[in-house]
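Each number in our numbering corresponds to the 1-based position in the sequence shown with 3 added.
Think of the CB as a built atom: it goes at the ideal place given N, C-alpha and C, for glycine as much as any other residue.
Single-structure report; data block below.
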Amino acid sequence: MSRKERKLTPAERRRKEHFEESKRRMQKEGYQLHDLTISISYANLMALVLSLPIIIVLGMMFFWVNPEGSGSLSGGRFFLFLAAFLVLVFIHELIHGLTWMIFAQDHWNAISFGFMLQSLTPYCSCEQPLGRKAYVLGALMPTLILGILPAAAAIVTGLYPVLWMSAMMILAGGGDLAIILKVLRFRSDKKEVKCLDHPYEAGLVIFTR
Numbered sequence: 004m005s006r007k008e009r010k011l012t013p014a015e016r017r018r019k020e021h022f023e024e025s026k027r028r029m030q031k032e033g034y035q036l037h038d039l040t041i042s043i044s045y046a047n048l049m050a051l052v053l054s055l056p057i058i059i060v061l062g063m064m065f066f067w068v069n070p071e072g073s074g075s076l077s078g079g080r081f082f083l084f085l086a087a088f089l090v091l092v093f094i095h096e097l098i099h100g101l102t103w104m105i106f107a108q109d110h111w112n113a114i115s116f117g118f119m120l121q122s123l124t125p126y127c128s129c130e131q132p133l134g135r136k137a138y139v140l141g142a143l144m145p146t147l148i149l150g151i152l153p154a155a156a157a158i159v160t161g162l163y164p165v166l167w168m169s170a171m172m173i174l175a176g177g178g179d180l181a182i183i184l185k186v187l188r189f190r191s192d193k194k195e196v197k198c199l200d201h202p203y204e205a206g207l208v209i210f211t212r
């Protein structure tokens, strides 16, 4: 967390205070902190690196099953497509919250949402520590529901717009994939591993004991 902090919103400052309190409590209980935050530029780069191969494979499957396909985005359909994409971007964050709330001690009260003006990026944050599996599941779920499942539907139906939307949602989840990769690559011989979202940076910290 050595990067220069940007100006925080009131909600982010509140989350930072809560985060610092949780960090002090867990360190007092014997947990060791590991910083797994990433920069927005790194997240965007890894979004391409991790999501493009998935999109290419699914696209190849689509054209193998549907060599001609059907559907177009001509005229007003293109603007409806864009509007649907913007709505799904926010639903993406809602799915994060709905999944993490199942595992958080205070459920929905532990979930908060925000918007980074600098990158025009909405985000969801869980303010309570989660187990590694629960955290990864919550991070992955939006890409599965809004990206992979629609891609399967596109392959079955042969509809181009569904394929394009699934590709855009997989790309939108690329930053999540980058964070998931960092969590999965983290190794520790400690029995307890807890994941806690950073209050204003992309990524998380991990506590081990």
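- DSSP places H110 within a helical segment (H, G or I) once states are collapsed to three.
- Per the DSSP secondary-structure output, M119 pairs in a beta bridge with T124.
- In this structure, DSSP gives S73 an extended state, which the three-state scheme calls strand.
- For H37, the enclosing beta strand (DSSP E) starts and ends at Q35 to D38.
- For K197, the uninterrupted beta strand (DSSP E) run begins and ends at V196 to D200, by DSSP.
- Using a Cβ-Cβ distance cut-off of 8 Å, the region 152 to 163 and the region 64 to 74 are in contact, since at least three pairs of beta carbons, one from each stretch, lie closer than that value.
- Taking a contact as a CB-CB distance under 8 Å, the pair D38 and V196 does not count as one, their CB atoms being some 14 Å apart.
- Fewer than three Cβ pairs drawn from the region 10 to 29 and the region 164 to 182 lie within less than 8 Å of each other, which leaves the two stretches out of contact.
- About 12 Å separates the CB atoms of L184 and L48; that is not less than 8 Å, and the two are not in contact.
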